[in-house]
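For the sequence shown, our numbering assigns the number 59 to the initial residue and increments by one for each residue that follows. The beta carbon of each residue, even a glycine, is placed where N, CA and C say it ideally should be.
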Amino acid sequence: MKSFRKNGKEKPIIIGDNIKRKRHGFFRFLKNFKFPDLSDNPKVQFMNKFSLLFHGLLACILVFTIECVSRHSFTSAVSFCISSPLTFLYNALLIFATLLIVYLFKHRALVRIVISIFWMLLGVINGCVLASRVTPFNFADLKLIGDLLSMKNSKYLSAGQEIAVVILLIALATFLILFAFKGPKFKGRVHLFRNLGLLVLCVASIPFITKAAIHSDILSGYFGNLAQGYKDYGFVYSFSASVVDTGMSKPANYTEETIDTINDNVTTEPTTVDSSDMPNIIFMQLETFIDPYELNFLSYSEDPIPNFHKLMENYTSGYLTVPVVGAGTANTEFEVLTGMGIRFFGLGEYPYKTVLKNTTCESAADDLGNIGYATHALHNNGGNFYGRAKVFSQMGFDTFTSKELMNITEYNEIASWPTDNILIDETTKTLDSTPDQSDFLYTITVQSHGSYPDYKVFDNPEIQVTGGDTEAEHYQWEYYINELHEVDKFIGNLIDTLSKRNEKTIVVMYGDHLPTLGLEESDMNTGNLYDTTYVTWNNFGLEKQDKDVAAYQLMSYITDQLGIHEGTMFRYHQSEMNAGVSTDDASYITNWELLQYDLLYGNRYSYHGVDKYPASNLVMGVQDVVIDHTSMSADKTKLTIFGENFTPWSKVYVDGEKVSTEYISGNCLEISMANLSDGSELVVNQVGSSNTIFRSSNTVTFHAPADFDEHEADNVEVPDTSGDDMGVPIVIPPEEQTTDDAATTTTAQ
Numbered sequence: 059m060k061s062f063r064k065n066g067k068e069k070p071i072i073i074g075d076n077i078k079r080k081r082h083g084f085f086r087f088l089k090n091f092k093f094p095d096l097s098d099n100p101k102v103q104f105m106n107k108f109s110l111l112f113h114g115l116l117a118c119i120l121v122f123t124i125e126c127v128s129r130h131s132f133t134s135a136v137s138f139c140i141s142s143p144l145t146f147l148y149n150a151l152l153i154f155a156t157l158l159i160v161y162l163f164k165h166r167a168l169v170r171i172v173i174s175i176f177w178m179l180l181g182v183i184n185g186c187v188l189a190s191r192v193t194p195f196n197f198a199d200l201k202l203i204g205d206l207l208s209m210k211n212s213k214y215l216s217a218g219q220e221i222a223v224v225i226l227l228i229a230l231a232t233f234l235i236l237f238a239f240k241g242p243k244f245k246g247r248v249h250l251f252r253n254l255g256l257l258v259l260c261v262a263s264i265p266f267i268t269k270a271a272i273h274s275d276i277l278s279g280y281f282g283n284l285a286q287g288y289k290d291y292g293f294v295y296s297f298s299a300s301v302v303d304t305g306m307s308k309p310a311n312y313t314e315e316t317i318d319t320i321n322d323n324v325t326t327e328p329t330t331v332d333s334s335d336m337p338n339i340i341f342m343q344l345e346t347f348i349d350p351y352e353l354n355f356l357s358y359s360e361d362p363i364p365n366f367h368k369l370m371e372n373y374t375s376g377y378l379t380v381p382v383v384g385a386g387t388a389n390t391e392f393e394v395l396t397g398m399g400i401r402f403f404g405l406g407e408y409p410y411k412t413v414l415k416n417t418t419c420e421s422a423a424d425d426l427g428n429i430g431y432a433t434h435a436l437h438n439n440g441g442n443f444y445g446r447a448k449v450f451s452q453m454g455f456d457t458f459t460s461k462e463l464m465n466i467t468e469y470n471e472i473a474s475w476p477t478d479n480i481l482i483d484e485t486t487k488t489l490d491s492t493p494d495q496s497d498f499l500y501t502i503t504v505q506s507h508g509s510y511p512d513y514k515v516f517d518n519p520e521i522q523v524t525g526g527d528t529e530a531e532h533y534q535w536e537y538y539i540n541e542l543h544e545v546d547k548f549i550g551n552l553i554d555t556l557s558k559r560n561e562k563t564i565v566v567m568y569g570d571h572l573p574t575l576g577l578e579e580s581d582m583n584t585g586n587l588y589d590t591t592y593v594t595w596n597n598f599g600l601e602k603q604d605k606d607v608a609a610y611q612l613m614s615y616i617t618d619q620l621g622i623h624e625g626t627m628f629r630y631h632q633s634e635m636n637a638g639v640s641t642d643d644a645s646y647i648t649n650w651e652l653l654q655y656d657l658l659y660g661n662r663y664s665y666h667g668v669d670k671y672p673a674s675n676l677v678m679g680v681q682d683v684v685i686d687h688t689s690m691s692a693d694k695t696k697l698t699i700f701g702e703n704f705t706p707w708s709k710v711y712v713d714g715e716k717v718s719t720e721y722i723s724g725n726c727l728e729i730s731m732a733n734l735s736d737g738s739e740l741v742v743n744q745v746g747s748s749n750t751i752f753r754s755s756n757t758v759t760f761h762a763p764a765d766f767d768e769h770e771a772d773n774v775e776v777p778d779t780s781g782d783d784m785g786v787p788i789v790i791p792p793e794e795q796t797t798d799d800a801a802t803t804t805t806a807q
């Protein structure tokens with residue numbers, strides 16, 4: 059033991075006491091620590107006297123800093139301030155209004171810091187978001203946090219960046235707590251009612267100032283291009299607009315007479331397709347799929363998508379104008395399925411996450427279902443992503459097969475997304491599930507989803523790519539183009555499979571948006587970041603009729619060729635297109651907006667008071683999950699469950715409680731015997747995010763042998779499986795649907 063001398067005597071040093079002494083010293087430091095009080099400083103007194111002016115200056119500094127971060131450019135921020143000074147000042151006004159809150163508190167400095175950090179944090183988030191995608195950060199993104207957290211294999215932040223963010227947030231929280239207790243306070247009198255009145259007056263004036271600014275073209279109430287809108291009108295205004303501007307505003311001329319007139323003027327023929335000979339209709343939304351030859355700065359060793367191009371040569375195809383770029387798959391999907399327009403919603407809004415959580419919506423599934431089609435959705439990603447398990451019920455689909463119902467074992471080269479090949483078998487299963495009906499399938503792929511690695515992935519890529527400005531960009535484009543090549547192989551295999559079936563079928567395939575790889579309009583042959591390509595295939599001699607259309611017109615255009623004229627929106631678009639009316643025509647847009655408002659937010663005059671399209675009892679998957687029998691391991695520690703249609707998302711529930719489950723194969727699961735007791739009831743559930751149960755198997759009862767004889771393999775009493783209760787599909791009845799994003803309210807039928 060170490061010692062020291064005091065008054066000539068040797069004293070031992072006790073290490074534990076030394077640590078306590080240091081710890082107490084740290085707490086004494088915190089107790090005695092204070093931030094310097096500068097309230098008597100003449101400069102501070104001057105700033106307090108003219109604090110409104112200095113708050114205005116602070117607001118301008120914050121706006122400029124946020125624009126620098128958002129644009130990733132100091133000069134671009136300067137250009138914005140100089141070229142659009144009134145727009146810049148309006149953004150500053152919004153921050154200034156929030157800074158007025160400081161006058162309600164003694165801790166003015168603390169509140170000022172918190173407000174400044176809040177705005178800066180939003181700006182930094184936007185800058186980070188724009189580093190990995192084209193679409194800027196908006197309020198709708200906050201509603202997708204749960205979806206992003208469920209994307210476990212997709213890294214938008216590296217591990218190092220995640221650690222840095224956590225450390226920064228902890229440091230920030232520590233500083234604010236210290237400042238709250240130890241920081242200076244305003245020593246003057248707080249004129250609460252006067253200051254509150256000033257705050258209310260300022261906030262109340264903002265809507266009037268905003269309206270005047272929009273009428274003067276200083277601002278815009280609609281962004282045709284969200285990314286460009288943020289650049290033109292500033293982040294603070296654009297983000298704030300996305301917070302307050304959701305849903306649709308009631309059009310000035312919305313009346314029953316107006317809606318009746320619009321519907322009466324729709325001129326389309328009755329549906330002429332023979333109900334006994336209706337073709338299967340398969341719409342396939344290809345994740346981030348474009349024609350690589352539309353990129354004017356890249357070259358390839360060979361055609362990356364030969365199957366797609368072959369279809370373009372022989373079947374109807376064209377450009378497809380989509381509502382999003384770089385992200386927002388669900389919004390392209392919404393337009394295609396409903397014929398409605400994203401442009402009429404708030405900035406960056408996802409209707410799947412807002413209005414469709416509580417409101418049914420007429421869709422192609424409803425309209426085709428009315429003439430006898432069985433309607434299905436397929437997606438090799440999570441059933442709760444974008445709230446689809448709830449939304450597809452609101453849209454009237456009969457079934458939805460998500461990844462939880464698929465035996466997915468293959469992923470792309472960086473293991474971030476499942477390959478699309480699984481969808482070939484799933485398409486076949488779905489078509490086979492309704493032998494007496496024609497089918498409408500809406501399929502969403504995922505393999506070519508971002509992000510795209512900026513490092514070497516392929517040692518010998520099938521497609522050699524040249525044209526990237528940097529090594530990192532080269533690797534990103536190399537990976538992306540080769541993923542498109544893999545998706546093209548999937549397209550070829552799917553068409554080969556369908557061509558061998560003795561069923562009339564039409565397939566429509568299109569890309570949902572461009573990739574998040576920093577593309578600009580000058581990089582595209584079309585000069586438009588919102589143009590992708592669609593292509594079709596059919597096996598019954600449908601005439602090739604190429605046409606460029608918008609996403610909200612695609613369903614109308616295809617069904618028109620098939621002699622199908624159904625649905626409020628689709629008939630309207632068919633009527634306008636057949637009359638040669640441009641999508642830029644004011645009357646086309648006005649009437650379209652009126653119909654959309656009527657169906658989603660209005661009195662549904664189009665339906666004459668009848669609930670024509672209630673939510674469906676959506677069934678997850680098209681095949682039963684079945685427990686056949688079980689077997690105990692030789693060492694009596696494991697129970698193996700044998701059955702059918704198991705997937706990596708199959709979880710065994712014992713007496714209603716989920717237990718650790720090892721997926722072995724599509725016919726085999728394994729659990730620990732420690733979870734079981736004599737008489738335990740076993741069920742296999744297909745489980746999505748938030749522990750949502752999408753489908754359940756039959757229930758079996760476990761009987762423990764008295765002596766655990768290792769030769770006794772079958773320990774489960776399996777009930778008669780000749781009935782329809784072999785596998786229990788989980789449905790979401792309309793009357794029991796919740797507004798929870800995960801659509802967790804389910805009922806066994």
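Pairwise C-alpha distance: residue 619 and residue 305: Here residue 305 refers to the residue found at position 247 of the sequence shown. Here residue 619 refers to the residue found at position 561 of the sequence shown. Their Cα atoms are separated by approximately 33 Å.
For residue 464, the first and last residue of its enclosing alpha helix (DSSP H): Taking the sequence shown and counting its residues from 1, the one referred to as residue 464 is at position 406. Looking at the DSSP string, residue 464 is not in any alpha helix (DSSP H), and its letter there is neither H nor E.
Candidates 229, 133, 347 and 232: closest to residue 575 by CA position: Your numbering for residue 575 matches position 517 in the sequence shown. Comparing Cα positions, the closest option is 347.
Inter-stretch contact (C-beta, 8 Å, three-pair minimum) for the segment 158 to 169 and the segment 310 to 320: no
Coarse secondary structure for residue 137, derived from DSSP in three states: The residue labelled residue 137 in the question sits at position 79 within the sequence shown. Here residue 137 sits in helix by DSSP.
Collapsed DSSP secondary structure at residue 619 in the structure displayed: Counted from its first residue, the sequence shown places residue 619 at position 561. Note: residue 619 maps to helix in three-state DSSP.
Burial state of residue 516, where buried means 16 or more other Cβ atoms lie within 10 Å: As a first step, residue 516 must be located in the sequence shown, where it is residue number 458. Burial call: exposed.
Between the CA atoms of residue 590 and residue 799 - distance to the nearest angstrom: Against the sequence shown, residue 799 aligns to sequence position 741. Against the sequence shown, residue 590 aligns to sequence position 532. Because the pLDDT at residue 799 is just 38, under 50, the model does not fix this residue reliably, and the value given afterwards should be weighed accordingly. One C-alpha to the other measures close to 30 Å.
Straight-line gap, residue 772 to residue 690 (C-alpha atoms, nearest Å): Taking the first residue of the sequence shown as position 1, residue 772 is located at position 714. Taking the first residue of the sequence shown as position 1, residue 690 is located at position 632. Here the model assigns residue 772 a pLDDT of 47, short of 50, so the residue's position is not dependable, and the following value carries that caveat. If you take the alpha carbons of residue 772 and residue 690, they lie about 7 Å apart.
Nearest candidate by alpha-carbon position, reference residue 621, set 332, 461 and 262: Residue numbering aside, residue 621 sits at position 563 when the sequence shown is read from its first letter. Answer by Cα proximity: 332.
Expected contact under 8 Å - CB spacing of residue 402 and residue 651 to nearest Å: Residue mapping note: residue 402 aligns to position 344 of the sequence shown, counting from 1. Residue mapping note: residue 651 aligns to position 593 of the sequence shown, counting from 1. Their Cβ separation, rounded to whole angstroms, is 5 Å, which keeps residue 402 and residue 651 in contact under 8 Å.
Of the residues 533, 721 and 758, the one placed nearest residue 736, counting alpha carbons only: Residue numbering aside, residue 736 sits at position 678 when the sequence shown is read from its first letter. Of the candidates 533, 721 and 758, the one whose C-alpha sits nearest the C-alpha of residue 736 is 758.
Where the alpha helix (DSSP H) through residue 547 begins and ends: In the sequence shown, residue 547 corresponds to position 489, counting from 1. Here the alpha helix (DSSP H) through residue 547 covers 529 to 557.
Status (buried if at least 16 other CB within 10 Å, exposed otherwise) for residue 603: As a first step, residue 603 is located in the sequence shown; it is residue number 545 there, counting from the start. Taking every protein chain shown into account, the CB of residue 603 has fewer than 16 other CB atoms within 10 angstroms, so this residue is exposed.
Close beta carbons around residue 584, own chain, < 6 Å, minus the five adjacent residues each side: By 1-based counting over the sequence shown, the position of residue 584 is 526. Hits under 6 Å: none found.
Beta-carbon proximity check, residue 710 vs residue 742, cutoff 8 Å: One-based indexing of the sequence shown puts residue 710 at position 652. One-based indexing of the sequence shown puts residue 742 at position 684. Cβ atoms of residue 710 and residue 742: closer than 8 Å.
Closest Cα partner of residue 706 within the set 342, 469, 419 and 635: Locating residue 706 in the sequence shown gives position 648, where the first residue counts as 1. It is 469.
C-beta contact flag for residue 635 and residue 503 at 8 Å: Position 577 of the sequence shown, counted from the start, is the residue given in the question as residue 635. Position 445 of the sequence shown, counted from the start, is the residue given in the question as residue 503. Their beta carbons are not under 8 Å apart, which means residue 635 does not touch residue 503 by this criterion.
Assigned exposure category for residue 507 - 16 Cβ within 10 Å defines buried: As a first step, residue 507 must be located in the sequence shown, where it is residue number 449. Result: buried.
Bounding residues of the beta strand (DSSP E) (the contiguous stretch that carries residue 727): The residue labelled residue 727 in the question sits at position 669 within the sequence shown. That run of the beta strand (DSSP E) goes 726 to 730.
Runs of beta strand (DSSP E) lying entirely within the segment 675 to 746, each at least 3 residues, in chain order: 676 to 678, 684 to 690, 696 to 702, 708 to 712, 720 to 723, 726 to 730 and 739 to 745
Residue 329, DSSP secondary structure in three states: For the purposes of this step, residue 329 is taken as the residue at position 271 of the sequence shown. Secondary structure at residue 329: coil, using DSSP grouped into helix, strand and coil.
Buried/exposed call for residue 668, threshold 16 Cβ in 10 Å: Here residue 668 corresponds to residue number 610 of the sequence shown, with the count starting at 1. Residue 668 is exposed by the Cβ-count criterion.
6 Å Cβ shell around residue 526 - same chain, five flanking residues per side excluded: Taking the sequence shown and counting its residues from 1, one reaches residue 526 at position 468. Correct list, in chain order: 532 and 535.
Residue range of the alpha helix (DSSP H) that includes residue 650: Here residue 650 corresponds to residue number 592 of the sequence shown, with the count starting at 1. 644 to 658 is the span of the alpha helix (DSSP H), which, as asked, contains residue 650.
Residue closest to residue 373, alpha-carbon to alpha-carbon, out of 676, 553, 117 and 400: Taking the first residue of the sequence shown as position 1, residue 373 is located at position 315. For residue 373, the nearest C-alpha among the options comes from 553.
Nearest-angstrom Cα separation, counted from residue 717 out to residue 785: If you number the sequence shown from 1, residue 785 lands on position 727. If you number the sequence shown from 1, residue 717 lands on position 659. Because the pLDDT of residue 785 is 49, which lies under 50, any placement of that residue in the model is unreliable, and the number read from its coordinates should be weighed accordingly. Residue 785 and residue 717: Cα-Cα distance of roughly 20 Å.
Cα-Cα separation between residue 854 and residue 179, rounded to whole angstroms: This structure cannot speak to residue 854, because the chain is shown only from 59 to 807.
8 Å Cβ cutoff met for residue 445 and residue 500: Within the sequence shown, the letter at position 387 stands for residue 445. Within the sequence shown, the letter at position 442 stands for residue 500. No. Outside cutoff.
Which of helix, strand or coil DSSP assigns to residue 475: To locate residue 475, count along the sequence shown from 1; it is residue 417. Coil.
Beta-carbon proximity of residue 475 to residue 505, cut-off 8 Å: As a position in the sequence shown, residue 475 is number 417, starting the count at 1. As a position in the sequence shown, residue 505 is number 447, starting the count at 1. Contact: yes.
Beta bridge counterpart(s) of residue 568 as assigned by DSSP: For this step, residue 568 is matched to residue 510 along the sequence shown. Residue 568 has 343 and 592 as its beta-bridge partners, per DSSP.
Closest residue to residue 142 among 122, 262, 113 and 157 (Cα-Cα distance): Here the question's residue 142 lines up with position 84 in the sequence shown. It is 122.
Under 8 Å between C-beta atoms of residue 43 and residue 497: The chain is shown from 59 up to 807; residue 43 falls before or after that span and cannot be answered.
For residue 306, the three-state DSSP class (helix, strand or coil): Position 248 of the sequence shown, counting from 1, holds the residue named residue 306. Correct three-state label for residue 306: coil.
Among 166, 137 and 147, the one whose alpha carbon lies nearest that of residue 114: Stepping through the sequence shown from its first residue, residue 114 is reached at position 56. Distance from the Cα of residue 114 is smallest, within the candidate group 166, 137 and 147, for 147.
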